[in-house]
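Counting with the numbering used here, you get residues 3 to 293 for the letters of the sequence shown.
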Amino acid sequence: MAVLLWFCSFLRADRGSPRITEARCLVTRPRMALCSFLLFLSFPPSRVLLTHRRSTKLRDALHAEVTALGATSLGEWGLYDCTAPALDGMQELLLRAAAARLLLAPLAACDSLATLLPKVRALSLRESCGWRLRLEDLSPPEDDAPRNAALCALAQLIEGEPALTAAEGDGAAVSSLILLRGSTVGYVLARVTAAQPEALRLDGQTAQAWRSRPFKFEAASDFALARVALSLCGAEPGRHTVFDPCSGSGTLLYAAATLGLEACGLDINERMVVGASSNLAHALPQVMPPG
């Protein structure tokens with residue numbers, strides 16, 4: 003942990019004025035939740051980021067990464083407003099974040115499913131290219147309608163043929179809709195406008211290749227945390243070279259390589275150097291083109 007934090011400072015020195023972001027747990031109190039929801043209804047964001055919701059040990063790190071980019075929490079863990087003008091044209095940067103999953107365009111929001119349905123009906127949604135709909139629970143809402151009932155009620159209001167076998171992220175071929183529900187934002191129907199590339203997903207092939215590495219030890223860094231550290235320090239391909247003076251099993255070096263960054267590492271322990279080399283030789287060919 004100390005090495006990663008030092009490493010962040012090392013690379014930030016090349017970036018001019020640093021952006022200092024406070025990392026803290028998101029605690030939703032009833033009054034805060036009500037204010038967030040009323041603000042959401044009064045000034046609905048045009049773009050929302052849905053992030054990974056991993057174990058609580060990484061919650062602060064993932065939150066710090068997204069807010070450092072300029073996103074604002076909507077009071078639900080994993081949901082951020084990206085409408086700020088400073089984020090215009092930054093879709094690629096947002097989707098490179100370790101925390102990122104989907105960029106969404108909200109279509110309608112209400113405090114309950116019963117009040118959401120008339121709003122959706124008024125939209126006259128017609129999806130000509132085929133559509134898919136799924137529900138994601140952010141936190142237990144007060145109006146906890148059965149999952150299948152909520153999806154079926156909404157599906158009846160969408161015109162066009164459902165794409166039952168399509169995968170998310172198929173681009174223009176499929177219109178992907180998602181129903182979010184939580185204690186703070188109530189019910190939100192949104193359209194998926196972009197998905198994080200498979201190569202960068204924390205639950206995708208890149209992470210799986212590292213989980214299956216041959217050399218492991220107890221003090222090894224978490225892959226997701228390494229990705230967050232690189233994001234927070236502003237490392238950019240072609241501009242920065244990552245140097246890890248205590249590279250251990252090579253987690254930070256691997257994370258850097260998967261982001262297109264040049265990287266090198268040192269370790270005082272010869273066993274670690276051999277192990278890290280073995281890990282990189284195992285994982286990199288699985289996720290990167292030859293050469």
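Just so you know, even glycine gets a beta-carbon here, dropped at the ideal spot from N, CA and C. Remember, predicted model here, so these are calculated numbers, not experimental data.
Where DSSP assigns a beta bridge to residue i, which residues make up the other side?
| i | result |
| --- | --- |
| Trp133 | Pro164 and Ser177 |
| Tyr189 | Cys112 and Arg183 |
| Asp83 | Val50 and Thr74 |
| Asp139 | Arg183 |
| Phe245 | Cys266 |
| Arg128 | Glu161 |
Considering only C-alpha positions, which residue in the set the options is nearest to residue i?
| i | options | result |
| --- | --- | --- |
| Leu97 | Leu261, Asn271, Ser279 and Val190 | Leu261 |
| Leu156 | Val187, Leu140 and Ala192 | Ala192 |
| Pro47 | Cys84, Arg61 and Thr53 | Cys84 |
| Glu163 | Gly252, Leu135, Arg241 and Thr186 | Leu135 |
| Ser280 | Ala222, Ala237, Arg215 and Glu220 | Arg215 |
| Glu138 | Gly72, Leu115 and Arg183 | Arg183 |
| Val289 | Gln207, Leu263 and Ala101 | Gln207 |
| Gly236 | Ala100, Gln198, Leu106 and Asn271 | Ala100 |
| Leu254 | His65, Ser141, Leu202 and Arg229 | Arg229 |
| Leu140 | Val187, Glu161 and Glu129 | Val187 |
| Ala201 | Gly240, Ala211 and Leu64 | Ala211 |
| Trp79 | Leu71, Gly91, Ala63 and Met92 | Ala63 |
| Met92 | Pro148, Arg128, Lys121 and Leu51 | Leu51 |
| Val275 | Leu234, Leu263, Phe217 and Ala231 | Phe217 |
| Ala209 | Glu220, Asp224 and Thr195 | Asp224 |
| Thr117 | Pro142, Leu105, Ala152 and Pro239 | Ala152 |
| Tyr189 | Leu71, Thr195 and Pro142 | Pro142 |
Secondary structure at residue i, three-state DSSP: helix, strand or coil?
| i | result |
| --- | --- |
| Asp62 | helix |
| Phe219 | coil |
| Cys266 | strand |
| Ala88 | helix |
| Leu97 | helix |
| Ala196 | strand |
| Leu156 | helix |
| Ala107 | strand |
| Ala102 | strand |
| Arg203 | coil |
| Leu119 | helix |
| Met274 | helix |
Using only the alpha-carbon positions, how far apart do residue i and residue j sit?
| i | j | result |
| --- | --- | --- |
| Ala226 | Glu67 | 11 angstroms |
| Thr243 | Ala259 | 10 angstroms |
| Leu89 | Arg273 | 44 angstroms |
| Leu119 | Ala165 | 22 angstroms |
| Arg213 | Pro87 | 38 angstroms |
| Ala35 | Ser114 | Note that Ala35 scores 48 on pLDDT, short of 50, meaning its location in the model is unreliable; the coordinates nonetheless yield the value given after this. Rounded to the nearest angstrom, the two C-alpha atoms are 15 angstroms apart. |
| Pro287 | Ala222 | 21 angstroms |
| Ile270 | Thr69 | 36 angstroms |
| Arg61 | Tyr256 | 22 angstroms |
| Leu109 | Pro247 | 48 angstroms |
| Leu179 | His284 | 37 angstroms |
| Ala197 | Leu181 | 16 angstroms |
| Leu28 | Ser75 | Legend: pLDDT at Leu28 = 36, less than 50; position of this residue unreliable, value from coordinates given subsequently. Approximately 9 angstroms, taken between the alpha carbons. |
| Gly171 | Phe245 | Because Gly171 carries a pLDDT of 48, less than 50, the predicted location of this residue cannot be relied on, and no value is offered for it. |
Hey, would you say the C-beta of residue i is under 7 angstroms away from at least one heavy atom of the ligand PLP?
| i | result |
| --- | --- |
| Arg241 | Of the ligands one can find in the structure shown there are none, so the ligand PLP has no counterpart to examine. |
Counting only C-beta atoms, is residue i closer than 8 angstroms to chain C at any point?
| i | result |
| --- | --- |
| Leu105 | No chain C appears in this structure, which consists of one protein chain only. |
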